[in-house]
Amino acid sequence: MCICVCFVCVFDISDDTVLLHVRHCGDTATLLAVSYGLAQSTKLSAFEKAVEALVEDTRGLPEALAEQGEVHLSGKEIGRLIGKVFVLKRSVNLLGSVAETPE
Numbered sequence: 001m002c003i004c005v006c007f008v009c010v011f012d013i014s015d016d017t018v019l020l021h022v023r024h025c026g027d028t029a030t031l032l033a034v035s036y037g038l039a040q041s042t043k044l045s046a047f048e049k050a051v052e053a054l055v056e057d058t059r060g061l062p063e064a065l066a067e068q069g070e071v072h073l074s075g076k077e078i079g080r081l082i083g084k085v086f087v088l089k090r091s092v093n094l095l096g097s098v099a100e101t102p103e
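Note that full-length UniProt numbering numbers the sequence shown so that position 89 is 89, with each residue one more than the last.
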């Protein structure tokens, strides 16, 4: 993704272009805020994809447990899945702690 910053009379984000108002032309804080927001959005998107992949990989487990009363995984495999969930949870929580509004 290429980010182009153009200085115009409106603020807009369209496709891969960020348009900033002309009065923010030399405003470092505005440029930093836009960059920070894009970076956080990118990080969150990566975590969302990882969570979606994990949900897709384990989609059949609750159904099998409900229908058959058991799943055909070893204790080690179940432990690995639980570990993956905890790693993703920790990563998202860490992102949430730094995803606050910049000063």
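Beta carbons are placed, not taken as given, at the ideal position from N, Cα and C, and that holds for glycine.
Quick caveat, the model's predicted, so the values are computed rather than measured.
DSSP-derived helix/strand/coil call for residue i
i, result
"residue 120", "With the chain covering 1 to 103 only, the question about residue 120 has no answer from this structure."
"residue 30", "helix"
"residue 3", "Bear in mind that a pLDDT of 49 at residue 3, under 50, signals an unreliable position, so the number given afterwards is only what the model happens to contain. Note: residue 3 maps to coil in three-state DSSP."
Residues near residue i in its chain [Cβ-Cβ closer than 7 Å; skip 5 each side]
i, result
"residue 43", "95"
Spatial neighbours of residue i in its chain, beta-carbon cut-off 8 Å, leaving aside the 5 residues before and after
i, result
"residue 71", "61, 64, 65 and 78"
"residue 47", "88, 91, 92 and 95"
"residue 85", "54"
Whole-angstrom distance between residue j and residue i, CA atom to CA atom
i, j, result
"residue 83", "residue 55", "14 Å"
"residue 68", "residue 88", "28 Å"
"residue 76", "residue 51", "21 Å"
"residue 59", "residue 30", "43 Å"
Three-pair Cβ contact test at 8 Å for the stretch 25-34 versus the stretch 52-67: no
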